[in-house]
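Structure first, then comments.
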Amino acid sequence: FEQAVAGANGKMVMLDFYADWCTYCIKLEDYTFSEPEVHAALSNVVLLQADVTASDDIDLALLNHFSGVYAPPAILFFGTNGKEIRSHRVTGFMTAEMFEQHVRDASTAHAG
């Protein structure tokens, strides 16, 4: 993760915690992330997905690394300094319109 943030070249980073058994994760994939306006909003964002389907010790350690993240779906945004933009953390489902605006707001917070 730290290597991905370091290699982001001035871009914001989005970390998406996902699991195959997570119904809201599947809804995000099918109804939110698939929409063109969301693709456009994410065009200048480095996208990372952590698959925690196994829920093993490694997955739990990764979730616990980020305070307050207990289960998917959880989407975290990080600025170029590698620090999370906590005000824009997402847990649960968001519609495409809501998520697009959320990403744009996070980009503004990241720039400021």
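Under the working numbering, the sequence shown has 321 at position 111, and the numbering climbs by one with no breaks. All residues carry an ideal CB built from backbone N, CA and C; glycine is no exception.
Item                                                                                                       : Value
Span of the alpha helix (DSSP H) around Pro295                                                             : According to the sequence provided, residue 295 is Ile. The question's Pro does not apply to it. No alpha helix (DSSP H) contains Ile295, which DSSP labels as neither H nor E.
Contact under 8 angstroms by Cβ, Leu272 with Ala264                                                        : no
Terminal residues of the beta strand (DSSP E) in which Asp226 lies                                         : 222-228
For Val255 and Val300, believed in contact at Cβ under 8 angstroms, the rounded distance                   : 13 angstroms between Cβ atoms; not a contact.
Sequence-distant residues of its chain with Cβ nearer than 6 angstroms to Arg314 (five each side left out) : Ala251
Val279 versus Phe303 - alpha carbon distance                                                               : 15 angstroms
Distance between Glu294 and Phe243 (C-alpha atoms, nearest Å)                                              : 21 angstroms
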